[in-house]
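So the structure is just underneath, and the comments pick up after that.
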Amino acid sequence: MAKYQSLAEMKRTETVQTAIEENFARVAILRKVGGSENHALADILYDCAEGLKQCNSLACKLCNWRFRVQKVDEIVANIRREGRRWSVMTIIDYSRAFPNSELENFDVKQAKDRLRRLLDRSGFDKPILGCFESDFHVQCGLWLPHFHLLIRNTKRNRKATKLLRKKLAKLQPNHIKEGRTARPLKVQKLRKPFTQVGYIYKLVSNSVHDYYRWYFKVMGTKKKRLDNRLFCQSLCLMHKVGRRRVLFSYGERDWK
Ligand SMILES: [Zn+2]
């Protein structure tokens, strides 16, 4: 099978058309919830979707789509050229989960600085790159900040991962939900680069709903769109902070 050359070639992923439709859906929700800030953002997203004025807002699905295709294609091309193995890593900051009243105050820059120090002290090889993300867990009413990262699968990084796992076990002993085991670190081999790197750069906040998987007798989670009020709040905040704020880089510039 021919290898994909671009995220845009993947059938099951978003397209320019679905991104435009999503912008119109966002516009409708922003206008329905109302208020001057929501209306102003709705106008920006509408003009961008209509091709009148490119907004480059982090709240804009279309601009995020353009950015995402370019970024993911570039990373996958670099990885392929390099011909080395890579992994994807998720780090969850349970201890810094926060209620919605704190949403505007959460300091992403500080979270990125903390992560950089943690990676540095664990002895990871550069580059490490990825994204900050935060999802709203409906059942406990908390936003859960986390990072999706891309790391080289080297001997040094595997050793660093073990050390990081120990550190995180101390820093993040508790899940935000009762009776659940905290799993602050998840590492997977990079097997489907466009899918997995595309997932890192999805640039959206979701709500997470818990449900009982009766067949497996365990709890599972489902991601959905945030409820209208939260969705608008999250979009306005994304618009304010901008894309650069959520991108994470640790020595990405030296990646040749
Ligand atoms: Zn836009």
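Just so you know, we're using this note's numbering here: the sequence shown kicks off at 276 and counts up by one. Every residue, glycine too, gets a C-beta built ideally from N, C-alpha and C.
Notebook entry, point to check: With distances taken between CB atoms, is the gap from valine 533 to leucine 282 smaller than 7 angstroms?
Noted result: The question about residue 533 has no answer, for the chain in this structure spans 276 to 531.
Checklist line | Start-to-end residues for the alpha helix (DSSP H) that takes in proline 402 | finding: Residue numbering aside, residue 402 sits at position 127 when the sequence shown is read from its first letter. Here proline 402 belongs to no alpha helix (DSSP H), and DSSP marks it neither H nor E.
Note to self: For a minimum of 4 consecutive residues, which ranges assigned as the alpha helix (DSSP H) are wholly contained in the region 442 to 510?
What the structure shows: Fully enclosed alpha helix (DSSP H) runs of 4 or longer: 468 to 475.
Check: Do the region 353 to 368 and the region 456 to 466 meet, that is, are 3 or more Cβ pairs less than 8 angstroms apart?
Finding: For the pair of segments examined, the region 353 to 368 was found to touch the region 456 to 466: the number of CB pairs separated by less than 8 angstroms reaches three.
Next item on the list: Report all residues from its chain with a CB closer than 6 angstroms to the CB of arginine 391; omit the five preceding and five following residues, and keep chain order.
Entry: Counting from one through the sequence shown, the residue named residue 391 turns up at place 116. Once the five neighbours on either side are set aside, the close Cβ partners of arginine 391 are Tyr525.
Note to self: Is it the case that the region 378 to 397 contacts the region 466 to 478, given that we only count it when at least three CB pairs across the two stretches are under 8 angstroms?
What the structure shows: A contact is defined here as three or more CB-CB pairs under 8 angstroms, and the region 466 to 478 fails this definition with respect to the region 378 to 397.
Checklist line | Length of the line joining the Cα atoms of valine 347 and cysteine 335 | finding: To locate residue 347, count along the sequence shown from 1; it is residue 72. To locate residue 335, count along the sequence shown from 1; it is residue 60. About 18 angstroms.
Check: Can you round the beta-carbon distance between cysteine 406 and valine 521 to whole angstroms, since I take them to be within the 8 angstroms contact cut?
Finding: In the sequence shown, the residue the question calls residue 406 occupies position 131. In the sequence shown, the residue the question calls residue 521 occupies position 246. Confirmed, about 6 angstroms.
Next item on the list: Output yes or no for whether 7 angstroms exceeds the beta carbon distance between aspartate 410 and valine 483.
Entry: Translated into the one-based positions of the sequence shown, residue 410 becomes position 135. Translated into the one-based positions of the sequence shown, residue 483 becomes position 208. Their beta carbons are under 7 angstroms apart, which means aspartate 410 touches valine 483 by this criterion.
Check: Distance, Cα to Cα, leucine 305 vs cysteine 511?
Finding: For the purposes of this step, residue 305 is taken as the residue at position 30 of the sequence shown. For the purposes of this step, residue 511 is taken as the residue at position 236 of the sequence shown. Near 9 angstroms, if we compare the C-alpha coordinates of cysteine 511 and leucine 305.
Note to self: Once the 5 residues before and after lysine 434 are set aside, which same chain residues still bring their CB inside 8 angstroms of it?
What the structure shows: Mapped onto the sequence shown, residue 434 falls at position 159. Gly398.
Next item on the list: Let me know the beta strand (DSSP E) ranges lying completely inside the region 312 to 371, each 3 residues or longer, listed in chain order.
Entry: Correct list: 361 to 367.
Item checked: Cβ neighbours of arginine 301 in the same chain (closer than 6 angstroms, five flanking residues each side left out) -> Locating residue 301 in the sequence shown gives position 26, where the first residue counts as 1. Excluding sequence positions up to five before and after arginine 301, its CB lies within less than 6 angstroms of the CB of Leu320, all in the same chain and listed in chain order.
Item checked: Segment limits, alpha helix (DSSP H) that includes leucine 305 -> Your numbering for residue 305 matches position 30 in the sequence shown. Note, leucine 305: alpha helix (DSSP H), 291 to 308.
Check: leucine 327: beta carbon under 6 angstroms from a heavy atom of ligand 2?
Finding: No copy of ligand 2 occurs in the structure displayed; its ligands are ligand 1 alone.
Check: Is the beta carbon of leucine 505 within less than 6 angstroms of some heavy atom of ligand 1?
Finding: Working through the sequence shown from its first residue, we reach residue 505 at position 230. No, Cβ of leucine 505 sits at least 6 angstroms from all heavy atoms of ligand 1.
Check: Per DSSP, what kind of secondary structure is aspartate 410 in: helix, strand or coil?
Finding: In the sequence shown, counting from the first residue as 1, residue 410 sits at position 135. Per DSSP, reduced to three states, the secondary structure at aspartate 410 is strand.
Next item on the list: Could you have a look at serine 376 and say whether DSSP puts it in helix, strand or coil?
Entry: The sequence position of residue 376 within the sequence shown is 101, counting from 1. In this structure, serine 376 counts as helix in the three-state DSSP scheme.
Checklist line | Alpha carbon of threonine 456 to alpha carbon of histidine 450, nearest angstrom | finding: The residue labelled residue 456 in the question sits at position 181 within the sequence shown. The residue labelled residue 450 in the question sits at position 175 within the sequence shown. In this model, threonine 456 and histidine 450 are separated by some 6 angstroms (Cα to Cα).
Item checked: Buried/exposed call for serine 311, threshold 16 Cβ in 10 Å -> The residue given as residue 311 occupies position 36 in the sequence shown. Flag for serine 311 reads exposed.
Notebook entry, point to check: Do the region 498 to 506 and the region 415 to 432 meet, that is, are 3 or more Cβ pairs less than 8 angstroms apart?
Noted result: Fewer than three Cβ pairs drawn from the region 498 to 506 and the region 415 to 432 lie within less than 8 angstroms of each other, which leaves the two stretches out of contact.
Check: Got a sec: does ligand 1 put a non-hydrogen atom nearer than 6 angstroms to the Cβ of leucine 337?
Finding: Translated into positions along the sequence shown, residue 337 becomes position 62. For ligand 1, at least one heavy atom lies less than 6 angstroms from the Cβ of leucine 337.
Next item on the list: Using alpha carbons as the reference points, say which of Ala444, Leu438, Lys445 and Ser480 lies closest to proline 420.
Entry: As a position in the sequence shown, residue 420 is number 145, starting the count at 1. Considering only alpha carbons, the answer is Ser480.
Check: Relative to ligand 1, is the shortest distance from any of its heavy atoms to the C-beta of cysteine 323 smaller than 6 angstroms?
Finding: What you label residue 323 is simply residue 48 of the sequence shown in a count that begins at 1. Answer for cysteine 323: yes, Cβ within range of ligand 1.
Margin query: To the nearest angstrom, how far is the alpha carbon of alanine 444 from that of asparagine 375?
Written below: What you label residue 444 is simply residue 169 of the sequence shown in a count that begins at 1. What you label residue 375 is simply residue 100 of the sequence shown in a count that begins at 1. Rounded to the nearest angstrom, the gap between the Cα atoms of alanine 444 and asparagine 375 is 26 angstroms.
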